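Chemist: Have a look at the structure that comes next, please.
There are 2 protein chains.
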Amino acid sequence: MQSIAPELAELAGLIADPGRASILSRLMDGRAQTASELALVAGVTPQTASWHLARLAERALLKVERRGPRRFYRLATPLVAQMLEGMMTVAAIDPRPSRPPPRIDAEMRRARTCYDHLAGELGVAVTDAMRRHDHLNLDQEGGELTASGRAFLGDLGIDLHAPARSRRVLCRPCLDWSEQRLHLAGRAGAAIADLALQRDWIRRRPQGRSVEITAAGLVAFRDLFGARI
Amino acid sequence: MQSIAPELAELAGLIADPGRASILSRLMDGRAQTASELALVAGVTPQTASWHLARLAERALLKVERRGPRRFYRLATPLVAQMLEGMMTVAAIDPRPSRPPPRIDAEMRRARTCYDHLAGELGVAVTDAMRRHDHLNLDQEGGELTASGRAFLGDLGIDLHAPARSRRVLCRPCLDWSEQRLHLAGRAGAAIADLALQRDWIRRRPQGRSVEITAAGLVAFRDLFGARI
DNA sequence: TGAACATTTCGATCATGATCGAAGCGTTAC
DNA sequence: GTAACGCTTCGATCATGATCGAAATGTTCA
Numbered sequence: 026m027q028s029i030a031p032e033l034a035e036l037a038g039l040i041a042d043p044g045r046a047s048i049l050s051r052l053m054d055g056r057a058q059t060a061s062e063l064a065l066v067a068g069v070t071p072q073t074a075s076w077h078l079a080r081l082a083e084r085a086l087l088k089v090e091r092r093g094p095r096r097f098y099r100l101a102t103p104l105v106a107q108m109l110e111g112m113m114t115v116a117a118i119d120p121r122p123s124r125p126p127p128r129i130d131a132e133m134r135r136a137r138t139c140y141d142h143l144a145g146e147l148g149v150a151v152t153d154a155m156r157r158h159d160h161l162n163l164d165q166e167g168g169e170l171t172a173s174g175r176a177f178l179g180d181l182g183i184d185l186h187a188p189a190r191s192r193r194v195l196c197r198p199c200l201d202w203s204e205q206r207l208h209l210a211g212r213a214g215a216a217i218a219d220l221a222l223q224r225d226w227i228r229r230r231p232q233g234r235s236v237e238i239t240a241a242g243l244v245a246f247r248d249l250f251g252a253r254i
Numbered sequence: 026m027q028s029i030a031p032e033l034a035e036l037a038g039l040i041a042d043p044g045r046a047s048i049l050s051r052l053m054d055g056r057a058q059t060a061s062e063l064a065l066v067a068g069v070t071p072q073t074a075s076w077h078l079a080r081l082a083e084r085a086l087l088k089v090e091r092r093g094p095r096r097f098y099r100l101a102t103p104l105v106a107q108m109l110e111g112m113m114t115v116a117a118i119d120p121r122p123s124r125p126p127p128r129i130d131a132e133m134r135r136a137r138t139c140y141d142h143l144a145g146e147l148g149v150a151v152t153d154a155m156r157r158h159d160h161l162n163l164d165q166e167g168g169e170l171t172a173s174g175r176a177f178l179g180d181l182g183i184d185l186h187a188p189a190r191s192r193r194v195l196c197r198p199c200l201d202w203s204e205q206r207l208h209l210a211g212r213a214g215a216a217i218a219d220l221a222l223q224r225d226w227i228r229r230r231p232q233g234r235s236v237e238i239t240a241a242g243l244v245a246f247r248d249l250f251g252a253r254i
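Here the protein sequences line up with chains G and H, keeping their order.
Positions in the first sequence are counted from 1; adding 25 to them yields my numbering.
Positions in the second sequence are counted from 1; adding 25 to them yields my numbering.
See the structure below:
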């Protein structure tokens, strides 16, 4: 019985090292990072990181981009991000009573980006608020924006028309691994995150994937979205 | 920066062994299998398989059920299946020119179940047919059944009302790793697979996840669904 | 109780791959 | 051209875990 099991094992092997897992996790915000930065994140020397990065890039999990003497690495495709998302969801659930639940950095839990949309308490709060106001229906396997939701986002200046070539869907649930709750992903989720960055409601922290909610952001999320945060 | 990277690596490590990957892949049809059967699939001795199974069960990727002297193993939750689905999708894409594309068993490619819905050529053909007949809209991140689609499935005797407790969505895309195309998953996908099994359009093969399309099935999929298969 | 069978546990062996020091390569800036 | 810097390649070492034979456990059935 030929199956993809060997390829599955090989792929998993690439993620099975703590250093490489840290690197992939760090790149989950969709941005590119230098090899040095990723070595720091992985907690290994540059040589070792280089070896890890080469393996990930060879298997096309990462894309590399040379800018001067530096090399920037990023996730190769959104498909890779989506796969990691699914793995993190399972990774965050560990029912072994002996094991303490993974201690997640407070900033990370509070607010972060998940590839292109909001996650953490903020992501879940915004999603919940939109559901409460009947802007959104969302469940485990799918979601849709209501007419009122479209109007709401339209009023915020979000253009929901898909780029001509994109067949990407508007709403998609993403299981938040730190909150164990659903948050909004898909084109709508990405648009909200873009808007928040653009209006300085959130700011990316220099390192890590977590984002800082600005004072203006707190007001905006509470007053405009009705988020309980 | 505390993150789930260590848990992610540990989880990946569990899948990173060819034997365990074979076992997980085998269980992707959602059914339970005995330890002996899984040892065969993994190509290892029963002792070794037992060791693998214990690790997978300890981490709650598998559930074990004792029936007499046998132990039946199955995937612990649909979440695990969904994670594996995402990994297989990436595993099936290997752009390294040196590597030959994974040779997938012809039966497996033709028709199989993916946890609870149809996959392979059959799954894609049925999905395509439903899209052609405007029964279904489906893209990378979501999907919906049209009014005509609901009527179509209703006429086939499929009850699309969700069980009271279930918030499971009707339509979800699932990227078929052997066909590199989308097929239908979610409650609707599962209902179609159930119907096909019930009406003997497909039969599960004793081993492996592939299914056999019966003569009646070929007629049904072609005439009722309009599938090009 | 004892025989048959499925599965697990134990113990020893062996292979894979993660690691870092040292050295090499490429790009940029002066 | 040459120095500085980021990154990679090479080589040697070391730890982890996959494997199976042998033996133990547990379940069913007579």
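Using N, Cα and C, we set each Cβ at its ideal position, and we do this for glycine too.
None of these values were measured; they are calculated from a predicted model.
1. Can you list, in chain order, the residues of its chain whose CB lies under 6 Å from that of Ala144(G), leaving out five sequence neighbours each side?
2. Would you mind working out which of Gly233(H), Val194(H), Leu33(H) sits nearest Glu110(G), comparing C-alpha positions?
3. By Cβ distance, which residues of its chain are closer than 7 Å to Ala57(H), with the 5 residues on each side in sequence left out?
4. Compare the C-beta of Asp1(G) with all C-beta atoms of chain H and state if any pair is closer than 9 Å.
5. List the endpoints of the continuous beta strand (DSSP E) containing Ala57(H).
6. Does Gly182(H) pass the burial test, meaning 16 or more other C-beta atoms within 10 Å, or should it be called exposed?
7. Which of the three DSSP states is assigned to Arg99(G) in this structure?
8. State the DSSP-derived secondary structure class of Val149(G), mapped to helix, strand or coil.
9. In three-state DSSP terms, what is Gly44(H)?
10. Would you say Arg229(G) lies against chain H (beta-carbon separation less than 9 Å)?
11. With 16 as the cutoff for other CB atoms within 10 Å, does Ser61(G) come out buried or exposed?
12. For Asp159(H), which residues of its own chain have a beta-carbon under 7 Å away from its beta-carbon, when the five flanking residues on both sides are left out?
13. When we look at the beta-carbon of Arg45(H) and count the other beta-carbons within 10 Å, is it buried (16 or more) or exposed?
14. Under a CB-based cut-off of 9 Å, is Trp202(G) close to chain H?
15. What distance in whole Å lies between the Cβ atoms of Leu185(G) and Arg175(G), which are believed to be in contact at a cut-off of 8 Å?
16. Please name the residue, chosen from Ile48(G), Thr73(G), Ala117(G), Pro94(G), that lies closest to Glu204(G) on a Cα-to-Cα basis.
17. I'd like to know if Thr171(G) contacts chain H, where contact means its C-beta is closer than 9 Å to some C-beta of that chain.
18. How is the beta strand (DSSP E) around His77(H) delimited, first residue to last?
19. Are the beta-carbon atoms of Ala101(G) and Ala85(G) separated by less than 9 Å?
20. According to DSSP, is Leu104(G) helix, strand or coil?
21. Could you check the C-alpha separation between Phe250(H) and Cys196(G) for me, to the nearest Å?
22. Return no unless some Cβ of chain H is closer than 9 Å to the Cβ of Thr70(G).
23. As a quick exercise: from Thr70(H), Gln72(H), Leu49(H), pick the residue whose alpha carbon is nearest that of Leu87(H).
24. Could you work out which residue in Asp42(H), Arg51(H), Arg234(H) is closest to His77(H) when comparing CA atoms only?
25. On a Cα-Cα basis, can you pick out the residue from Leu65(G), Val151(G), Ala210(G) that is closest to Gly242(G)?
26. Could you give the first and the last residue of the continuous beta strand (DSSP E) run that contains Asp201(G)?
27. Can you tell me where the beta strand (DSSP E) holding Val236(G) begins and where it ends?
28. According to DSSP, is Arg228(G) helix, strand or coil?
29. In chain order, what residues of the same chain lie with their CB nearer than 8 Å to the CB of Val194(G), ignoring the 5 residues before and after it?
Modeler: In short:
1. Within the same chain, Ala144(G) has close Cβ partners Arg137, Asp201, His208.
2. The residue with the shortest Cα to Cα distance from Glu110(G) is Leu33(H).
3. The beta carbon of Ala57(H) sits closer than 7 Å to those of Glu90, Phe97, Tyr98, Arg99, all from its chain and outside the five residues before and after it, given in chain order.
4. Lying outside 26 to 254, the shown extent of chain G, residue 1(G) is not represented and no answer is given.
5. Secondary structure note for Ala57(H): it is in no beta strand (DSSP E), with a DSSP letter that is neither H nor E.
6. So Gly182(H) counts as exposed.
7. Under the three-state reduction of DSSP output, Arg99(G) falls in the strand class.
8. If DSSP states are grouped into helix, strand and coil, Val149(G) belongs with the helices.
9. The answer is helix: DSSP assigns Gly44(H) an H, G or I state.
10. Contacts with chain H at 9 Å (Cβ-Cβ) do not include Arg229(G).
11. It is exposed - the Cβ of Ser61(G) has fewer than 16 other Cβ atoms within 10 Å.
12. Counting only Cβ-Cβ distances below 7 Å, and skipping sequence neighbours, we find Thr171, Ser173.
13. Of the other Cβ atoms in all chains shown, 16 or more fall within 10 Å of the Cβ of Arg45(H); this residue is therefore buried.
14. So yes, Trp202(G) belongs to the interface.
15. At roughly 6 Å, the Cβ-Cβ gap stays under 8 Å, so Arg175(G) and Leu185(G) are in contact.
16. Selection Ile48(G), Thr73(G), Ala117(G), Pro94(G) evaluated against Glu204(G) yields Ala117(G) as nearest (Cα-Cα).
17. No - not a single Cβ of chain H is within 9 Å of the one on Thr171(G).
18. Note, His77(H): premise wrong, no beta strand (DSSP E); alpha helix (DSSP H) at 71-83.
19. Cβ atoms of Ala101(G) and Ala85(G): closer than 9 Å.
20. Of the three classes helix, strand and coil, the one that applies to Leu104(G) here is helix, per DSSP.
21. Spanning the two alpha carbons is a distance of roughly 28 Å.
22. Thr70(G) does not count as touching chain H.
23. Of the candidates Thr70(H), Gln72(H), Leu49(H), the one whose C-alpha sits nearest the C-alpha of Leu87(H) is Leu49(H).
24. For His77(H), the nearest C-alpha among the options comes from Asp42(H).
25. For the set Leu65(G), Val151(G), Ala210(G), the Cα lying nearest the Cα of Gly242(G) is the one of Val151(G).
26. Residues 197-201.
27. Counting along the chain, the beta strand (DSSP E) containing Val236(G) begins and ends at 236-238.
28. Strand.
29. If you ignore the 5 residues before and after Val194(G), its C-beta comes within less than 8 Å of the C-beta of Gly211, Arg212, all in its own chain and listed in chain order.
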